[in-house]
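S.K.:
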Ligand SMILES: Cc1cc2nc3c(=O)[nH]c(=O)nc-3n(C[C@H](O)[C@H](O)[C@H](O)COP(=O)(O)OP(=O)(O)OC[C@H]3O[C@@H](n4cnc5c(N)ncnc54)[C@H](O)[C@@H]3O)c2cc1C
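Numbering (this note's numbering), first residue to last: 12 to 417.
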């Protein structure tokens, strides 16, 4: 017996996707129960928090959690370019702060969050999904609801048990140190490409205020099965121009995580079920960016849940509109990111040197749009008018062909 026997919606996972879905559904008056397996919302950290100032502000993230970046260094072994922005385009967020803020908002809207509660398997009634078995404080508990939202991240906790989700054939494995240093310039970020940093993938330096800096390395598996933590430890002990700018430092936290890199799953809904965030593969593969999408698509799932409950129809026929909504906004970008990533993960060090040298002369707005994965006609015409030479590159050629159909 528990005090949450029958809900409108159960959300599994208290990351950005789940919290955003819970907030949206609760704000529309639904009874919402969110189950999070960790002991705390937003901790331990499994991500880096790199994102975009304008987009996160539009998604309602308060300024105090957004650390603005004005300078970007992109390096390979033998090449480098720097962009100085006059307004903050890139930002690094305070992960724990943002997640706790969303949890607070979801709770104040009437949702209930239970930490230390691990969803284990789906429950069915007359063949229909109607809840989950979970372990809470070491005890087995059953929670029932009219519908479920699986936002459990890379583990896809419930849908995996239902046999729905596609396997994460390719995924990014990341390791990050959160360090304290007063040597690094706090409004500057760095991205490093090439095998000095990662055999397939990239390394980053993300400051987020008050002398805190996240330094990490991501590896695309199974193209490389190198251990990112080992790579990071080795790199931090080098005398590279970036590590020199970080020293001296103390390591306060180690963050580890995995992110899907196989494109989105075939179907993100079923009877009484929606799948959101990393669990649905809603990630822009080139940078492994998923927070912005999780926040936005989580909201779409929460709002669709509210409409479904209002219409008393939680069938997959009704919930299909959720998939239509998110694919309209992000479907093409996720697909193109995936395809371009397949190309660039085969780049040699010499190729990265060449690309970075070319990028020196590319319009900063184009670089920004490419990093954001804003793949649309506006980007194609911007490249055409400002840096047409970029179309010599396979990844950009493919982008133009897919978007313009020419
Ligand atoms: C190393 C690394 C660096 C990254 N850097 C960035 C970045 O800079 N910018 C960016 O935008 N994206 C980044 N990403 C990707 C980003 O973290 C994800 O796309 C994003 O967190 C997805 O949100 P989510 O809510 O779907 O999943 P998650 O954030 O993974 O949240 C899922 C939640 O579900 C919980 N959970 C799992 N199983 C269960 C269960 N059985 N029961 C209850 N709860 C459960 C987990 O504890 C977790 O809290 C990075 C990823 C990694 C691994």
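We put the beta carbon where it would ideally sit given N, CA and C, even for glycine.
Going by the C-beta, is residue 79 closer than 6 angstroms to any heavy atom of ligand 1?
M.R.: Taking the chain shown and counting its residues from 1, the one referred to as residue 79 is at position 68. It does not: the Cβ of residue 79 is nowhere closer than 6 angstroms to a heavy atom of ligand 1.
S.K.: Quick one: Cα of residue 76 to Cα of residue 98, how far?
M.R.: On the chain shown, residue 76 is found 65 positions in, with the first residue counted as 1. On the chain shown, residue 98 is found 87 positions in, with the first residue counted as 1. Going from the Cα of residue 76 to the Cα of residue 98 covers about 17 angstroms.
S.K.: Given 6 angstroms as the limit, tell me if residue 48 has its C-beta closer than that to any heavy atom belonging to ligand 1.
M.R.: Counting from 1 along the chain shown, the entry for residue 48 is found at position 37. Result yes, Cβ under 6 angstroms from ligand 1.
S.K.: Looking at the strands, I want to know which residues DSSP matches up with residue 217.
M.R.: Numbered from 1 along the chain shown, position 206 holds the residue referred to as residue 217. Answer is 225.
S.K.: Leaving out the 5 sequence neighbours to the left and right, which residues in its chain are closer than 7 angstroms to residue 48 when beta-carbon positions are compared?
M.R.: Sequence index remark: in the chain shown, residue 48 carries index 37 (1-based). Only 128 and 129 meet the Cβ criterion.
S.K.: Could you give the DSSP three-state label for residue 251: helix, strand or coil?
M.R.: By 1-based counting over the chain shown, the position of residue 251 is 240. It is coil, neither helix nor strand.
S.K.: Report all residues from its chain with a CB closer than 7 angstroms to the CB of residue 312; omit the five preceding and five following residues, and keep chain order.
M.R.: Translated into positions along the chain shown, residue 312 becomes position 301. Around residue 312: 32, 160, 285, 287 and 333.
S.K.: Just how far apart, CA to CA, sit residue 79 and residue 322?
M.R.: As a position in the chain shown, residue 79 is number 68, starting the count at 1. As a position in the chain shown, residue 322 is number 311, starting the count at 1. Distance between the alpha carbons of residue 79 and residue 322: 42 angstroms.
S.K.: Enumerated in chain order, which unbroken segments of the beta strand (DSSP E) with a length of 3 residues or greater are wholly contained in the region 148-184?
M.R.: Fully enclosed beta strand (DSSP E) runs of 3 or longer: 150-161.
S.K.: Let me know the secondary structure DSSP gives residue 12 once reduced to three states.
M.R.: If you number the chain shown from 1, residue 12 lands on position 1. Annotation note: pLDDT 42 at residue 12 (below 50); position unreliable, coordinate value reported separately. Here residue 12 sits in coil by DSSP.
S.K.: Less than 8 angstroms between the CB atoms is what I'm expecting for residue 228 and residue 275, so what's the real figure, rounded?
M.R.: Position 217 of the chain shown, counting from 1, holds the residue named residue 228. Position 264 of the chain shown, counting from 1, holds the residue named residue 275. So it is not a contact: roughly 25 angstroms between Cβ atoms.
S.K.: Does the beta carbon of residue 300 fall short of 6 angstroms from some heavy atom of ligand 1?
M.R.: The sequence position of residue 300 within the chain shown is 289, counting from 1. At least one heavy atom of ligand 1 is nearer than 6 angstroms to the Cβ of residue 300, so yes.
S.K.: Measure the CB-CB distance between residue 319 and residue 329 and report whether it falls below 7 angstroms.
M.R.: To locate residue 319, count along the chain shown from 1; it is residue 308. To locate residue 329, count along the chain shown from 1; it is residue 318. Yes; because the gap between Cβ atoms is below 7 angstroms, this pair is in contact.
S.K.: Quick check: the region 116-128 against the region 86-104, are there 3 or more CB pairs under 8 angstroms?
M.R.: Cβ pair count under 8 angstroms is below three, so no.
S.K.: Restricting to runs no shorter than 4 residues, where is the alpha helix (DSSP H) found entirely within the region 346-383?
M.R.: Here the runs fully enclosed are 360-370 and 375-383.
S.K.: With DSSP as the reference, label residue 236 as helix, strand or coil.
M.R.: Translated into positions along the chain shown, residue 236 becomes position 225. If DSSP states are grouped into helix, strand and coil, residue 236 belongs with coil.
S.K.: Compute the Euclidean distance between the alpha carbons of residue 199 and residue 296, then round it to the nearest angstrom.
M.R.: Position 188 of the chain shown, counted from the start, is the residue given in the question as residue 199. Position 285 of the chain shown, counted from the start, is the residue given in the question as residue 296. Computed Cα separation, rounded: 23 angstroms.
S.K.: Taking the alpha carbon of residue 433 as the reference point, which residue from 175, 359, 132 and 116 has its own alpha carbon closest?
M.R.: Past the boundaries of the shown model lies residue 433; the chain is included only from 12 to 417, so the question cannot be answered.
S.K.: Does the distance from the C-beta atom of residue 269 to that of residue 184 stay below 7 angstroms?
M.R.: Looking up residue 269 in the chain shown gives position 258. Looking up residue 184 in the chain shown gives position 173. Contact: yes.
S.K.: So the candidates are 398, 310 and 154; which of them puts its Cα closest to the Cα of residue 131?
M.R.: One-based indexing of the chain shown puts residue 131 at position 120. For the residues 398, 310 and 154, the minimum Cα distance to residue 131 belongs to 154.
S.K.: Return the first residue and the last residue of the alpha helix (DSSP H) that residue 327 is part of.
M.R.: Working through the chain shown from its first residue, we reach residue 327 at position 316. Unbroken alpha helix (DSSP H) run through residue 327: 327-337.
S.K.: Return the first residue and the last residue of the alpha helix (DSSP H) that residue 132 is part of.
M.R.: Along the chain shown, one-based indexing puts residue 132 at 121. Taken as a continuous stretch (DSSP letters only), residue 132 belongs to no alpha helix (DSSP H), being part of the beta strand (DSSP E) at 128-136.
S.K.: With 16 as the cutoff for other CB atoms within 10 Å, does residue 397 come out buried or exposed?
M.R.: Stepping through the chain shown from its first residue, residue 397 is reached at position 386. Answer is exposed; the Cβ neighbour count stays below 16.
S.K.: So who's on the other strand from residue 261, going by DSSP bridges?
M.R.: Translated into positions along the chain shown, residue 261 becomes position 250. DSSP output for residue 261 lists 191 as bridge partner(s).
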